[in-house]
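Shown next, in structure tokens, is the structure this report addresses.
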Amino acid sequence: MAWICLLTAGLLEIGWAVGLKYTENFSRFWPSVATVSAMIASFGFLAAALKTIPLGTGYAVWTGIGAAGTAIIGIGLFGESREAFRIVCIALIIAGVVGLKLVSPPS
Numbered sequence: 003m004a005w006i007c008l009l010t011a012g013l014l015e016i017g018w019a020v021g022l023k024y025t026e027n028f029s030r031f032w033p034s035v036a037t038v039s040a041m042i043a044s045f046g047f048l049a050a051a052l053k054t055i056p057l058g059t060g061y062a063v064w065t066g067i068g069a070a071g072t073a074i075i076g077i078g079l080f081g082e083s084r085e086a087f088r089i090v091c092i093a094l095i096i097a098g099v100v101g102l103k104l105v106s107p108p109s
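Numbering follows the working numbering, in which position 68 of the sequence shown is assigned residue number 70; successive positions increment by one, without gaps.
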């Protein structure tokens, strides 16, 4: 269950990071409400996951999901660079997240 909470926290981190783009410096009400809500929920799920998952692993996985996911969304939604080296770097982040999961004790 802790890993599901951590995955949910990471996906919500992607949501709030992308949401920041739509808030226009928090000048748009509904995108701002959605972004802040996603932030709060992301931290809540992260906190729940960290009751069982070690801090270093949990935080690294959370930020890895957020970083890789946000970069992928940036490519898809905002036309950011699809340069091969950038894709390789995103893949390395994902490999790190998967690796941390594989070497972590069951929770």
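C-beta: ideal position from N, C-alpha, C; glycine also.
Query: Proximity of Gly76 and Glu82 at Cβ, strictly below 8 Å; Result: yes
Query: Helix, strand or coil at Gly46 according to DSSP, with G and I counted as helix; Result: helix
Query: Contact belief for Gly98 with Gly60 at Cβ below 8 Å, rounded distance in angstroms; Result: Going by Cβ atoms, the distance from Gly98 to Gly60 rounds to 14 Å, so no, they are not a contact pair.
Query: CA-to-CA distance, Ala70 to Val100, given in whole angstroms; Result: 12 Å
Query: Anticipated Cβ contact below 8 Å, Ile95 with Ile74, distance rounded; Result: That belief does not hold up - the Cβ atoms of Ile95 and Ile74 are roughly 10 Å apart, past 8 Å.
Query: N- and C-terminal bounds of the alpha helix (DSSP H) containing Arg88; Result: Ala86 to Val105
Query: Per-residue burial, Ala40 [other beta carbons within 10 Å of its own, 16 or more giving buried]; Result: buried
Query: Rounded Cβ spacing between Gly68 and Gly12 (contact assumed at less than 8 Å); Result: 6 Å
Query: Complete runs of the alpha helix (DSSP H) confined to the segment 52 to 90 [at least 4 residues]; Result: 57 to 80
Query: Sub-8 Å separation of Leu22 and Thr37 beta-carbons; Result: yes
Query: Range of the contiguous alpha helix (DSSP H) that encloses Glu15; Result: Ala4 to Thr25
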